[in-house]
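Please read the structure below before turning to the comments.
Protein chains: 2
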Amino acid sequence: MDVAGTVGELRLALTDARSSGRTVGFVPTMGALHVGHRSLIESARRASDVVVVSIFVNPTQFGPGEDFGAYPRQVEADLGVCRELGVDVVFLPSVDEVYPDGWGTVVGVPELSGVLCGASRAGHFDGVATVVARLFGLVRSDLAFFGEKDFQQLRIIERMSRDLALGVRIVRCETVRESGGLAVSSRNSYLSESERKRAASLYRAMRSAVDAIRRGERDSSVLVERMRAEISSAGDCDSECDVEYVSIVDSDTLRSLETVTENARICVAARVGGVRLIDNVAVDDAVATR
Amino acid sequence: MDVAGTVGELRLALTDARSSGRTVGFVPTMGALHVGHRSLIESARRASDVVVVSIFVNPTQFGPGEDFGAYPRQVEADLGVCRELGVDVVFLPSVDEVYPDGWGTVVGVPELSGVLCGASRAGHFDGVATVVARLFGLVRSDLAFFGEKDFQQLRIIERMSRDLALGVRIVRCETVRESGGLAVSSRNSYLSESERKRAASLYRAMRSAVDAIRRGERDSSVLVERMRAEISSAGDCDSECDVEYVSIVDSDTLRSLETVTENARICVAARVGGVRLIDNVAVDDAVATR
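Those sequence lines, one after another, are chains V and H.
Mapping of the first sequence onto this note's numbering: position 244 corresponds to residue 244, and the numbering continues sequentially without gaps.
Here this note's numbering runs 1000 ahead of the position in the second sequence, where the first position is 1.
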């Protein structure tokens, strides 16, 4: 496994892969690799001849007061995971390598960035789109793998890649969940055991809504109110759970839907014990089976 | 010569060029090809195996009240020029082909876009950077050719291409001038004969400033005041000439310089008879010969 710390080393490591016309699959990460990332890397491994993983905690996608400094960093463990899963190249750049002297470009998808998480995280998605555009340019993979857990991010990257004809096919990978339903996330490491249980209410509430949709409910405001109530009141109330948003949106445009359609997606953000968690589920089956 | 109206036709036309590893040179234009464009295409022809020219009047880089509707369009004549100069592929897309349904991405270089022309043309350079990023993605050339006449645009494209690692080398081409010194531009077609003469004062004033620098003047404010006076008072005053800006800036950052350096560039914008004209010159030689 090659570990490239600079753009030059990355280019060198990829020269063979590119020249021989093999399929390159790319998994961009911020490290702190968990079973969700493992699943992305395994998907990349199955679909590609050469697998590239980047590990870079991107400062420009953290707002003031967010957890850039505290974000979990565990490079040696991450490299172990990559080795175990048969990754070919790990790109592990410094901030200066990603944003060289004189840096000045911003990429954004404004229409998709002001809603949901973007409403409370100004600039976050511009930071994400910009760093992903640069990483795509550096890696030049055929495929890139993203989890559905960060659904808004996924949509923004899909649209950006298509609009700028970046030549990379975005592969959506299903959210990996703990047994209680909690979506796996690097930020789960901030949660206590009781908060972890509490956090599973996000997924439970969404599942309840999908069941209600299956039974015929199509009014978003009714469903949203029920989910808010279920999340706020859930379980043993020794852990706080503040709902930031519960929204039913169109899966392409991320616009709020008054009436649930086949293309709807339920998206939730809440703070459990001060830790911001997000999750989402598609409702397609539930509408289709009606 | 292939004329591609769609992205699919463009891809088809470029398949051979790409697979055989030949060098592809790209000249993006808004049509109304003049001797300045000819010079770009000739540079591309000399440096590349395959020359691609795009002709697309990009609506997103025109502000409200600007001349999008009136901008000169002469496709048949342009295709004739391309044929004559041995262009291999002309990309002549519709607006829908460049901005397909669901379009939503914006690329910008904020630091370089708020000054000079950007101060009065909000959004203009985001429009330019975005369309060029998309065209680069579609064409995937090795080289792309831009005139120094639009110097701010050139810098923005250089920085964007480097930051996003777009894999294309930007080739700077010297401004082509009429015998009186007026920089060749598609918008010159709006000028009457007397306005054309009047417009040459922009270049004359910059040349005078370069002479003054050669003689030892380094104070930007002194030079700028002299240029403003020379442009405003020039010639037979039957044509109006309103200076928009005269500025001496660093060639990389476009920041205003109090003291002229080797890396300085003089940039001018003015309206002659209502037509907005821009021009610029480097001062490197003048400082170096001191």
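Heads up, the beta-carbon is just placed ideally off N, CA and C, and yes, glycines get one too.
Residues that residue i bridges to, as DSSP identifies them
i: C241 (chain V); result: V:V272
i: G25 (chain V); result: V:V51 and V:L143
i: R1038 (chain H); result: In DSSP, R1038 (chain H) forms no bridge with anything.
Nearest residue (CA-CA) to residue i, options the options
i: R172 (chain V); options: V:D163, V:R162, V:L154 and V:S186; result: V:L154
i: F1361 (chain H); options: H:L1223, H:T1006, H:S1019 and H:A1047; result: Chain H is shown from 1001 up to 1290; residue 1361 (chain H) falls before or after that span and cannot be answered.
i: A13 (chain V); options: V:E42, V:A32 and V:V53; result: V:V53
i: V168 (chain V); options: V:R140, V:V210, V:E84 and V:A212; result: V:R140
i: R1228 (chain H); options: H:F1151, H:G1137, H:A1032 and H:S1247; result: H:S1247
i: C1082 (chain H); options: H:A1032, H:S1120 and H:G1123; result: H:A1032
i: I1041 (chain H); options: H:D1101, H:G1005 and H:L1079; result: H:L1079
i: L85 (chain V); options: V:R22, V:G21 and V:V51; result: V:V51
i: P93 (chain V); options: V:R11, V:A264 and V:D285; result: V:R11
i: I157 (chain V); options: V:E178, V:D252 and V:V176; result: V:D252
i: A199 (chain V); options: V:V243, V:N58 and V:T15; result: V:V243
i: L138 (chain V); options: V:G104, V:G273, V:G274 and V:G5; result: V:G5
i: T1261 (chain H); options: H:T1060, H:A1070, H:G1216 and H:L1277; result: H:G1216
i: A1133 (chain H); options: H:Q1152, H:L1166 and H:V1249; result: H:L1166
i: D1130 (chain H); options: H:V1090, H:S1120 and H:R1159; result: Sequence check: residue 1130 (chain H) is Thr here, not Asp. Residue H:R1159 is the option with its Cα nearest to T1130 (chain H).
i: C117 (chain V); options: V:D284, V:A286, V:N280 and V:V287; result: V:N280
i: V109 (chain V); options: V:D96, V:A119 and V:D126; result: V:D126
i: V1075 (chain H); options: H:V1007, H:T1015 and H:F1056; result: H:F1056
i: D219 (chain V); options: V:T259, V:R276 and V:Y245; result: V:T259
i: D284 (chain V); options: V:D150, V:I213 and V:R73; result: V:I213
i: V1275 (chain H); options: H:A1070, H:A1122, H:R1265 and H:L1135; result: H:A1070
i: A1122 (chain H); options: H:L1257, H:G1063, H:G1180 and H:L1277; result: H:G1063
i: I266 (chain V); options: V:L254, V:T60 and V:E66; result: V:L254
i: W103 (chain V); options: V:T60, V:A144 and V:Y190; result: V:T60
i: F1091 (chain H); options: H:S1232, H:A1209 and H:T1029; result: H:T1029
Residue i - DSSP class collapsed to helix/strand/coil
i: D1252 (chain H); result: coil
i: V109 (chain V); result: coil
i: N1263 (chain H); result: coil
i: N280 (chain V); result: strand
i: E1219 (chain H); result: As written in the sequence, residue 1219 (chain H) is Asp, which differs from the Glu given in the question. Strand, per DSSP.
i: V132 (chain V); result: helix
i: S1192 (chain H); result: coil
i: S300 (chain V); result: Lying outside 1 to 290, the shown extent of chain V, residue 300 (chain V) is not represented and no answer is given.
i: R177 (chain V); result: strand
i: A122 (chain V); result: coil
i: A183 (chain V); result: strand
i: M1030 (chain H); result: coil
i: G1086 (chain H); result: coil
i: L166 (chain V); result: coil
i: L1079 (chain H); result: helix
i: G1127 (chain H); result: helix
i: E1148 (chain H); result: coil
i: A1286 (chain H); result: helix
i: L1138 (chain H); result: helix
i: Q61 (chain V); result: helix
i: V224 (chain V); result: helix
i: E230 (chain V); result: helix
Limits of the alpha helix (DSSP H) - the one that residue i falls within
i: F1151 (chain H); result: F1151 to D1163
i: A1212 (chain H); result: S1201 to R1214
i: G104 (chain V); result: Run containing G104 (chain V): none; DSSP gives neither H nor E here.
i: D1067 (chain H); result: No alpha helix (DSSP H) holds D1067 (chain H); DSSP gives it neither H nor E.
i: T291 (chain V); result: Residue coverage of chain V in this structure runs from 1 to 290, which leaves residue 291 (chain V) outside it and unanswerable.
i: E1097 (chain H); result: V1095 to V1098
Residue range of the unbroken beta strand (DSSP E) whose run includes residue i
i: A4 (chain V); result: D2 to A4
i: E90 (chain V); result: It is Val, not Glu, that sits at residue 90 (chain V) in the sequence shown. V90 (chain V) -> beta strand (DSSP E) spans V89 to F91.
i: R169 (chain V); result: R169 to C173
Residue i CB to nearest heavy atom of the ligand FMN below 7 Å
i: T1006 (chain H); result: Questions concerning the ligand FMN fall outside what the structure shown contains, since it holds no ligand whatsoever.
Selection of the segment 1103-1121 of chain H by Cβ proximity to chain V, strictly under 8 Å:
W1103, G1104, T1105, V1106, V1107, G1108, V1109, P1110, E1111 and L1112
If you measure beta-carbon to beta-carbon, which residues of the segment 1247-1273 of chain H are closer than 9 Å to chain V?
Cβ contacts with chain V: D1252 and T1253.
Going along the chain, which residues of the segment 1120-1139 of chain H sit with their C-beta nearer than 7 Å to a C-beta in chain V?
A1133, R1134, G1137 and L1138
Interfacial residues, the segment 78-97 of chain V to chain H, with Cβ spacing under 8 Å:
none
Please identify, using Cβ separations under 8 Å, the residues of the segment 33-53 of chain V that lie next to chain H, in order along the chain.
none
Determine which residues of the segment 146-162 of chain V have a Cβ less than 7 Å from any Cβ of chain H, and write them out in chain order.
R159 and M160
If contact means a Cβ-Cβ distance below 9 Å, which residues of the segment 162-179 of chain V contact chain H?
Going along the segment 162-179 of chain V in chain order, one finds R162, D163, L164, A165, L166 and G167 with a Cβ nearer than 9 Å to chain H.
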